[in-house]
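If you're matching positions, the sequence shown starts at 1 in UniProt numbering and goes up one per residue.
Only one structure is covered here, and it is reproduced in the block below.
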Amino acid sequence: MKYYNSTIIKTAAKASFFYISWLVALIGIPIVFFRDGLDLIEKALLFTGFLLFFWLMYLLLCISFHRFSMRNEQSRISYLAKEDIEKGKELGTYLDGW
């Protein structure tokens with residue numbers, strides 16, 4: 001059974017990027033800004049690299065843990081009853097509160 005289509009994945013990617021970007025910005029901007037010995041472009045690339053790395057890790061962990069939760073019959077039924085946008089938001093913020 002296929003749980004994820006392109007709409008769900010796109011929505012999950014957007015939700016997880018928004019969720020993780022404020023956290024990376026809150027921690028990463030002061031670290032990158034006050035890092036000595038780097039040019040502005042190098043600092044921007046470093047911040048962008050950290051942002052993309054942590055976003056992809058978070059998204060992959062959300063998908064992995066969500067797949068494990070689909071083993072439970074009640075979770076699967078409640079997930080499949082939702083619309084695609086709601087499924088994507090659930091998938092993209094699955095680790096919220098852990």
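C-beta atoms are modelled at their ideal positions from N, C-alpha and C, and glycine is treated no differently.
Since the structure is predicted, the reported quantities are computational estimates derived from the model, not experimental observations.
Between the C-alpha atoms of Lys2 and Lys14 there is a straight-line separation of about 20 Å.
Annotation: Asp84 to Ser78 spans about 13 Å, alpha carbon to alpha carbon.
Annotation: Glu83 is outside any alpha helix (DSSP H) and is labelled neither H nor E by DSSP. In terms of Cα proximity to Leu95, the closest of Arg71, Asn72, Met57, Ile8 is Met57.
Taking the Cα of Lys43 as reference, the smallest distance to any Cα among Lys10, Leu52, Phe33 is reached at Phe33. By a beta-carbon distance limit of 8 Å, Tyr4 does not contact Thr93. Their separation comes to about 15 Å. Shown here for Thr7: same chain residues with a beta carbon closer than 8 Å to its own, the five before and five after excluded, namely Asp84, Ile85, Gly88 in chain order.
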